[in-house]
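Structure record follows, encoded as structure tokens.
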Amino acid sequence: MDQDMVLRARVLLLSTDRRVVRGARGLAAYRLLAQADAAVYGSKLAYVLLDAARSAQVQDLPQARLALLEEAVAVAGALEEGNPFRARVLGRAVEALRAERAGL
């Protein structure tokens, strides 16, 4: 893993006043950082994936929404049982995936 890219992603997150950075930049940063430290960044990645699945960019792209939601479920499911955010983000991801598959 490129440590320079990890450092840039951390600087991006530190340069904002938000607890979670959304949008394409946030998604890219959390995807990278979750590889480095899933316990810290995994729940935020799952949250941003859920947010991305509801975004206008994929509104007319059902396969893209489905892929984002499946990734969110996989990321949330891989979190350790002791992670305080696991149950909430996994529940949201599973429910969003069910709704997407049901066409709701």
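Each residue of the sequence shown is one higher than the one before, starting from 660 at the first, in the working numbering.
Glycine is no exception: its CB is placed at the ideal position from the N, C-alpha and C atoms.
1) To the nearest angstrom, how far is it from the Cα of Gln702 to the Cα of Ala735?
2) Taking just the CA atoms, how far does Ala752 sit from Asn742?
3) For Leu738 and Leu691, I'd like the C-alpha separation in whole angstroms.
4) Rounding to the nearest angstrom, what Cα-Cα distance links Gly750 and Arg669 in this structure?
5) Report all residues from its chain with a CB closer than 6 angstroms to the CB of Asp710; omit the five preceding and five following residues, and keep chain order.
6) Compare the C-beta of Ala693 with all C-beta atoms of chain B and state if any pair is closer than 8 angstroms.
7) Among Glu759, Gln722, Ala698, Ala693, whose alpha-carbon lies nearest the alpha-carbon of Ala664?
8) If you measure between the beta carbons of Pro695 and Met660, is that distance less than 8 angstroms?
9) Using the Cα positions of Tyr700 and Gln718, report the straight-line distance between them to the nearest angstrom.
10) Please classify Ala755: is it buried, with 16 or more other beta-carbons within 10 angstroms of its beta-carbon, or exposed?
11) Are the CB atoms of Leu725 and Glu759 within a distance shorter than 8 angstroms?
Taking the definition as stated:
1) Checking the sequence, you will find Ser at residue 702 rather than Gln. When rounded, the distance between both Cα atoms is 6 angstroms.
2) 16 angstroms
3) Near 16 angstroms, if we compare the C-alpha coordinates of Leu691 and Leu738.
4) 27 angstroms
5) Arg681, listed in sequence order.
6) Protein chain content of the structure displayed is limited to a single chain, and chain B is not contained in it.
7) The residue asked about is misnamed: residue 664 is Met in this sequence, not Ala. Closest by alpha carbon: Ala693.
8) Sequence check: residue 695 is Ala here, not Pro. Taking 8 angstroms as the Cβ cut-off, Ala695 and Met660 qualify as a contacting pair.
9) Rounded to whole angstroms, Tyr700 to Gln718 spans 26 angstroms at the Cα level.
10) Note on Ala755: 16 or more other CB atoms within 10 angstroms of its CB, so buried under the neighbour-count rule.
11) yes
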